[in-house]
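As structure tokens, the structure follows; a few thoughts come after it.
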Amino acid sequence: MVNIGGIEVSPGQIVIAVVPSILFLVVLGVSGWILFRLSRQRQSRGLYLMSLGFLIKTVVDGIWEIFYWSLGGPFYVFTLIHQGMSIAQASAASAIITWTGEGVTFATLAIMVALIIYGATLITQIVPPRTLDAPIGP
Numbered sequence: 009m010v011n012i013g014g015i016e017v018s019p020g021q022i023v024i025a026v027v028p029s030i031l032f033l034v035v036l037g038v039s040g041w042i043l044f045r046l047s048r049q050r051q052s053r054g055l056y057l058m059s060l061g062f063l064i065k066t067v068v069d070g071i072w073e074i075f076y077w078s079l080g081g082p083f084y085v086f087t088l089i090h091q092g093m094s095i096a097q098a099s100a101a102s103a104i105i106t107w108t109g110e111g112v113t114f115a116t117l118a119i120m121v122a123l124i125i126y127g128a129t130l131i132t133q134i135v136p137p138r139t140l141d142a143p144i145g146p
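Be aware that the sequence shown starts at 9, since it is given in this note's numbering, and climbs by one per residue.
Here it is in structure tokens:
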């Protein structure tokens with residue numbers, strides 16, 4: 009058992025809280041890396057922008073997760089209460105941190121989607137057919 013702010017928390021509870029975030033970041037990172045390798049192989053600017061969207065989301069969300077869990081994650085409110093804050097003050101501080109994280113996540117999601125859409129439009133641009141320079145006919 010781990011004592012977080014006077015509350016006994018089992019390592020299993022911490023693992024259950026952390027694993028989904030880590031798994032999501034790993035999937036995003038691997039997909040971004042695969043897209044990046046494919047973009048370099050095919051020399052495609054559209055795929056490069058799409059991979060850039062995935063990688064930006066992975067890096068920024070990863071930094072946020074490290075910051076969030078270094079504070080104590082969802083158990084942060086117990087630490088604040090144990091330090092003498094009232095439940096209302098601890099809840100307000102926890103809400104500020106949570107909404108900041110939601111804002112960061114939404115902003116990176118918007119950047120990722122914008123880069124994916126823009127990259128996809130570059131890939132699917134319709135190029136007009138070439139015309140022959142020589143006249144047709146006798």
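Glycine included, each C-beta is placed from N, C-alpha and C at the ideal position.
- If the five residues before and after W107 are omitted, its C-beta is found closer than 8 Å to no C-beta atom of its own chain.
- Here G54 is buried, its C-beta having at least 16 other C-beta atoms within 10 Å.
- Taken in chain order, the unbroken stretches of beta strand (DSSP E) that lie wholly in the stretch 14-101 and span 3 residues or more are 15-17.
- Exclusion of the five residues before and after L46 leaves L55 as the residues of its chain whose Cβ lies within less than 6 Å of its Cβ.
- In terms of Cβ geometry, L88 and K65 do not form a close pair [threshold 7 Å].
- Of the candidates L79, F114, L57 and I71, L57 places its Cα closest to the Cα of I42.
- If you draw a straight line from the Cα of F75 to the Cα of I125, it is about 30 Å long.
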